[in-house]
Every structure is written in C-alpha cells, then in structure tokens.
C-alpha cells in the first residue's frame, strides 16, 4: 500500500544504487556510488567468462550513468532539485572518481588483481581503456548536468518544499516504518526515548567519574581519554578493524545461548572504498549470497578514525555483524523453507529494527559486564537512533534547517559534528528511512515483553519466530508473534 502511495510521485527514485528518495544523484545515491563496490565485492572473477562479464558490465556503465543524468534533468524540470550542499558533495565525489590514475580506481584495480591471480592477462589494460574513455566521459557529462543545477539549488533541506511535499513525506514514513504513525507521533517518540536514555547515560557516566558538564561535554571528555582514539592512518585503521573483529569473535561464542540456529556463511569487515567515503554512511552491511559463495560484508567508513572512539565500536559490530544484519541475512538465505522473494525482499522497519534490537541482545548476553564504557556506547547508539526520529521529522515536517538538525544530533548523541553532518545529509536525501530503526526496534522489544509471560515462551523460540518469515511488515510480525505465543 505504501509503495502505491509513493508511485504517484513521479520524482521518487529507487532500485540498484538508488536510495529511495526524491533525488537521483546525490552523495549517497546514483549508479556512480554503487558500481565500484558492486563489481569489487559481488561480481566473482574465478574464470575467463567471469572476467569477460566484468568487462561487459564496465562497458555498460556509461549508459547507466547517462540514464541517471537524464532523470536528474527530468526531475529538475518538475522543480525537484537537491539542496546546493548535496549537489556540491556529489560533484566532489564524482570528481574523485573521474580524476586521477585509472589503474588505481577500485573498479579497475579489482579486476586487474583478481584476473592476474588466476593467470589471465590483458584485463587490466582493457579495464583501464574503458575507464579512461567512455566511463570518464560519462562521469564528465554527469558532472556538467549537476553543476548546471547549482544556480537553481537552495539551502532548504526538507522535502516539504517539493511538489506535494508533505504528502510525499507521509508516504515515505509509511513505506519505511510500515505503520500509520504521523510525523508528530514519531517526533514525540524520539523526544521521550531521549529523555529516558539520557538519564541512564548520566548514571553510567557519573559512575565512571565523568560528573561535570552537559551530557555532550562528558561524552567529549570520555572520547579524549587515553586509548579511545585510533591513529588516523593505515596503522590505526588496521587496529580499529582488528578490534571490531575481536568483538565479533567474542559474541559468536555466546549467541547459542539465545539462538537455536547459527549461520554457516562467513562474514567479514571491510573499509568503504576511499573514493566514495566522503558522503558514505558510517557503517553498512551487504548481504552474502544464498549459496554462501560470497561472504556478508560489513563496510565501515574510515575516512577519519577519530569519528570512531573505541567505546562506540562494540555496539556497531553487533548491529552490523552479529547478531545484527549479517547474522540475520545469513540465516534468511540458509532457510530452505523461505521462498526466494521472502529471502530477497527488504522491509526497512524490520531489517533496521532487528539490527538495533541485536544491540539489546548483545547487552543482555553480558558483552558489557566488564566494559562499562562500551555500555555507554550502547546507550549512546540508542540515543543516536532516537535523535534520528526527532531530526528526520524536524527536517521534513517541521521546517528545520540543516544546521539546526546537526546541532540537535551533536547535543543529544555521541556523534561528532563531522559525522552528524554526514548523517543529516543522509536523512535529507533519504527521507523517512532514519525513522525505521527505532520504530522497528521498539516494536520487536515491545512484542517480546508482551509475550514473555505467555505459555510456551522461550527466548530461542521467540527469535526463531521473529527471524523465520524473512523481512515482513511490523503488523504482520505482530500477528505472527502473538499467534506463536498465545496468552
């Protein structure tokens, strides 16, 4: 139903490499943002046929870039132009992708490395030629299209300024949350949860000796303590990745306490490709393949390691890795009883709600029993997601400007000004999606509380029920859980 509501807005975009929103090319969306990562992490190069298919996909890339440029022009004719600061970021990333040595580009280097590893020669030169010729030319055309829009672009952030903007935002909320909650209700939910989370964080910070100043000032003081920041170089990035892997290794041993099934497929952590890290989110998960031939991947943005204090990392690993997204994805793909469409469908409130609920499960498994600073990071993560409810609705339904939203997030979570700016710009181009996390997690946690005293309740069975149908709307999940655990 929500998809049908969105279909009446001709400027709405979605699909491969396009986040569901009103702008076809942004710092986060557009074919240019996904093609390198897709070919590097999802296209296998194990045979000559694989390498030839990779070359064919590279050769098709210019036409797809031009398609995006055509959508941008068509939307502009309808009065739909991204804010100036969004276009400027997209231009910066497009320039980084286009310019420089072709051999060093991820899309070229990935094929060259893997083809050479299996004894295939000449593919590096073929890939470079395609990049230096038609791909670079298409990127230039896209840069010209966006640059021409700068004089028309303003600084107003929300979608309420777009044609039928308020109705469009209501449709995006319905799509992402799978509920009929209004913007006002979601805004108030965020404020209420922030008040509770701040009170809990205050107690923990005080117990660790951080007693003076505002919540933000005390979080800054925690960040500044010895051992919290990794060096902002390749050595520091390697140490940060090693720490994340250690947290995932530790929790894997505890998961059988609350889950009856463990995924067979592997998952790993990688850095976001440097050429797109300017506007990329802090962390994201990419599902593996149903046959297990490609692992699930947790991408972390390491443009600045100082955005990742040590105390914030455990809960990130649990959200994106296990028992969060990669864990849930692997179980879904390994469930032979699920039809393919249920394995591959994506319902934001369920998927992101599960990722946030997974952080709660990690805390309940004792992952912070000897890590009180990590527990502060866990609550700060929840405060970050609760603040999303406030700023997303503030931007798109209450007329907030970009800086107002950034300031609110910095003051009410552990986000740095730089990371908060990246987050706010994400919500500007991807309206409604940020509300799905807390709405989804709140629904899952509330359902567990509701049925925990019912007959036949067991935590492992509860997780089997929640995970056993693929990603489904929250109303369907509620019926499924209540049917499984009658009063």
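Residue numbers (this note's numbering): 1010 to 1496.
Just so it is clear, CB atoms sit at the ideal spot from N, CA and C, and this is done for glycine as well.
Source: prediction; values computed, not measured.
Count the other C-beta atoms from every protein chain shown that fall within 10 angstroms of the C-beta of residue 1182, then say buried if there are 16 or more, exposed otherwise. By one-based count along the chain shown, residue 1182 stands at place 173. When all chains shown are included, residue 1182 counts as buried.
Residue 1282 and residue 1304 - do their beta-carbons sit closer together than 7 Å? What you label residue 1304 is simply residue 295 of the chain shown in a count that begins at 1. What you label residue 1282 is simply residue 273 of the chain shown in a count that begins at 1. No, these two residues do not count as a Cβ contact at 7 Å.
Compute the Euclidean distance between the alpha carbons of residue 1295 and residue 1480, then round it to the nearest angstrom. If you number the chain shown from 1, residue 1295 lands on position 286. If you number the chain shown from 1, residue 1480 lands on position 471. Approximately 15 Å between the Cα atoms of the pair.
When 1022, 1066, 1456 are compared against residue 1116, the one with the closest alpha-carbon: Stepping through the chain shown from its first residue, residue 1116 is reached at position 107. Among 1022, 1066, 1456, the Cα nearest to that of residue 1116 belongs to 1066.
Just to confirm, is the Cβ distance from residue 1418 to residue 1400 under 7 Å? As a first step, residue 1418 must be located in the chain shown, where it is residue number 409. As a first step, residue 1400 must be located in the chain shown, where it is residue number 391. For residue 1418 and residue 1400, yes; Cβs fall inside 7 Å.
Cβ pair residue 1151, residue 1048 closer than 7 Å: In the chain shown, residue 1151 corresponds to position 142, counting from 1. In the chain shown, residue 1048 corresponds to position 39, counting from 1. Taking 7 Å as the Cβ cut-off, residue 1151 and residue 1048 do not qualify as a contacting pair.
Looking only at its chain, what residues have a beta carbon closer than 7 Å to the beta carbon of residue 1219, apart from the 5 residues adjacent to it on each side? The residue given as residue 1219 occupies position 210 in the chain shown. Correct list, in chain order: 1227, 1230, 1231.
Decide if the segment 1231–1251 is in contact with the segment 1433–1448; the criterion is three or more beta carbon pairs, one per stretch, under 8 Å apart. no
Just to confirm, is the Cβ distance from residue 1263 to residue 1365 under 7 Å? Along the chain shown, one-based indexing puts residue 1263 at 254. Along the chain shown, one-based indexing puts residue 1365 at 356. The answer is no: Cβ separation not under 7 Å.
Could you have a look at residue 1331 and say whether DSSP puts it in helix, strand or coil? Within the chain shown, residue 1331 is the residue found at index 322, counting from 1. Residue 1331 falls in the coil class under three-state DSSP.
When 1377, 1145, 1496, 1358 are compared against residue 1041, the one with the closest alpha-carbon: In the chain shown, the residue the question calls residue 1041 occupies position 32. Residue 1145 is the option with its Cα nearest to residue 1041.
Quick check on residue 1391: does DSSP put it in helix, strand or coil? Within the chain shown, the letter at position 382 stands for residue 1391. Helix.
Residue 1433 versus residue 1168: straight-line alpha-carbon distance, rounded: In the chain shown, counting from the first residue as 1, residue 1433 sits at position 424. In the chain shown, counting from the first residue as 1, residue 1168 sits at position 159. Residue 1433 and residue 1168: Cα-Cα distance of roughly 13 Å.
Nearest residue (CA-CA) to residue 1225, options 1210, 1106, 1407: Along the chain shown, one-based indexing puts residue 1225 at 216. The option with the nearest alpha carbon to residue 1225 is 1210.
Quick one: what does DSSP say residue 1462 is sitting in, helix, strand or coil? Taking the chain shown and counting its residues from 1, the one referred to as residue 1462 is at position 453. Three-state DSSP puts residue 1462 in coil, outside helix and strand.
Kindly confirm or deny that the segment 1396–1414 and the segment 1483–1491 touch, where touching means at least three C-beta pairs closer than 8 Å. no
Any heavy atom of the ligand GTP closer than 6 Å to the beta-carbon of residue 1365? This structure does not include the ligand GTP; it has no bound ligands of any sort.
Does the Cβ-Cβ distance between residue 1089 and residue 1031 come in under 7 Å? Numbered from 1 along the chain shown, position 80 holds the residue referred to as residue 1089. Numbered from 1 along the chain shown, position 22 holds the residue referred to as residue 1031. It is a contact, given that the beta carbons lie within the stated cut-off.
Residue 1176 to residue 1284, Cα distance in whole Å? Reading the chain shown from its first residue, position 167 is the one you call residue 1176. Reading the chain shown from its first residue, position 275 is the one you call residue 1284. Their backbone Cα atoms lie some 36 Å apart in a straight line.
Could you tell me how far apart the beta carbons of residue 1368 and residue 1354 are, in whole angstroms, since I believe they sit closer than 8 Å? Locating residue 1368 in the chain shown gives position 359, counting from the first residue. Locating residue 1354 in the chain shown gives position 345, counting from the first residue. Wrong, their Cβ atoms sit about 23 Å apart, outside the cutoff.
Is the number of C-beta pairs between the segment 1446–1456 and the segment 1407–1414 that are closer than 8 Å three or more? no
Give every residue of the same chain whose Cβ lies closer than 6 Å to the Cβ of residue 1342, excluding the five residues on either side of it in the sequence, and list them in chain order. For the purposes of this step, residue 1342 is taken as the residue at position 333 of the chain shown. Excluding positions up to five away in sequence, the list reads 1299, 1352.
What are the boundary residues of the beta strand (DSSP E) that residue 1176 is part of? Taking the first residue of the chain shown as position 1, residue 1176 is located at position 167. Run containing residue 1176: none in the beta strand (DSSP E); it sits in the alpha helix (DSSP H), 1174–1186.
Just the Cα atoms here: how many angstroms apart are residue 1347 and residue 1475? The residue labelled residue 1347 in the question sits at position 338 within the chain shown. The residue labelled residue 1475 in the question sits at position 466 within the chain shown. About 13 Å.
Considering only the beta carbon of each residue, do residue 1329 and residue 1292 sit closer than 7 Å? Start at 1 with the first residue of the chain shown, and residue 1329 comes out as number 320. Start at 1 with the first residue of the chain shown, and residue 1292 comes out as number 283. Against a cut-off of 7 Å, the Cβ pair of residue 1292 and residue 1329 comes out as a contact.
Span of the beta strand (DSSP E), counted from its first residue to its last, around residue 1292: Locating residue 1292 in the chain shown gives position 283, counting from the first residue. Here the beta strand (DSSP E) through residue 1292 covers 1292–1295.
Should residue 1222 and residue 1320 be called a contact, given that it needs their Cβ atoms to be closer than 7 Å? Your numbering for residue 1222 matches position 213 in the chain shown. Your numbering for residue 1320 matches position 311 in the chain shown. Not closer than 7 Å, so no.
Through-space distance from residue 1023 to residue 1331, alpha-carbon basis: Taking the chain shown and counting its residues from 1, the one referred to as residue 1331 is at position 322. Taking the chain shown and counting its residues from 1, the one referred to as residue 1023 is at position 14. Approximately 28 Å, taken between the alpha carbons.
In chain order, what residues of the same chain have a beta carbon less than 8 Å from the beta carbon of residue 1099, not counting five sequence neighbours either side? Your numbering for residue 1099 matches position 90 in the chain shown. Hits under 8 Å: 1034, 1035, 1036, 1039, 1091, 1155, 1288.
Determine whether the beta carbon atoms of residue 1185 and residue 1402 lie at a separation below 7 Å. Within the chain shown, the letter at position 176 stands for residue 1185. Within the chain shown, the letter at position 393 stands for residue 1402. For residue 1185 and residue 1402, no; Cβs fall outside 7 Å.
Using DSSP bridges, identify the partner residues of residue 1308. Your numbering for residue 1308 matches position 299 in the chain shown. Residue 1308 is bridged to 1279, 1293.
Just how far apart, CA to CA, sit residue 1370 and residue 1310? Translated into positions along the chain shown, residue 1370 becomes position 361. Translated into positions along the chain shown, residue 1310 becomes position 301. Their Cα atoms are separated by approximately 25 Å.
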